[in-house]
Amino acid sequence: MQEPIKIITVTQAKEKLADGQVVFIDVRDPDSYAAAHVPGAIQINNTNVDAFIASTDKSMTHIVYCYHGITSQGGAAFFQEKGFEDVYSMEGGFCAWED
């Protein structure tokens with residue numbers, strides 16, 4: 154049985170970013186990512202997801218975010234199913250990050 158999706162607040166996510174031991178996964182569309190994103194975030198879509206999964210360290214902490222924190226929950230579940238050990242969905246998404 155799959156573990157429940159872990160939710161992380163923006164405050165907690167910013168603390169992890171400051172610590173430097175985290176990978177942010179942006180599942181918004183490429184234009185939104187190009188306009189603004191979490192520093193160092195990787196924009197993932199159907200064209201690059203397989204390469205990302207193959208090349209990333211699944212033991213690292215990964216935080217998935219979208220616009221408002223809904224789609225990212227599905228994204229976090231997907232990465233969890235692919236063997237990612239410590240994956241979160243960011244509550245409130247990028248909109249909350251910018252507030």
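Under the working numbering, the first residue of the sequence shown carries the number 154, and numbering increases by one thereafter.
Where a beta carbon is used, it is the ideal one built from N, C-alpha and C, also for glycine.
All figures in this text were calculated on a predicted structure; none of them were measured in a lab.
- Under the three-state reduction of DSSP output, Tyr220 falls in the coil class, being neither helix nor strand.
- The Cβ atoms of Ile206 and Lys235 lie closer than 7 Å to each other.
- Straight across, the Cα-Cα distance linking Gln165 with Ile223 is about 18 Å.
- Taking Pro183 as the centre and dropping the five residues before and after it, the same chain places the C-beta of Gln196, Asn198 closer than 8 Å to its C-beta, in chain order.
- Within the same chain, Cβ atoms closer than 7 Å to the Cβ of Gly245 are found at Val163, His221, Gly222, the five residues on either side in sequence being excluded.
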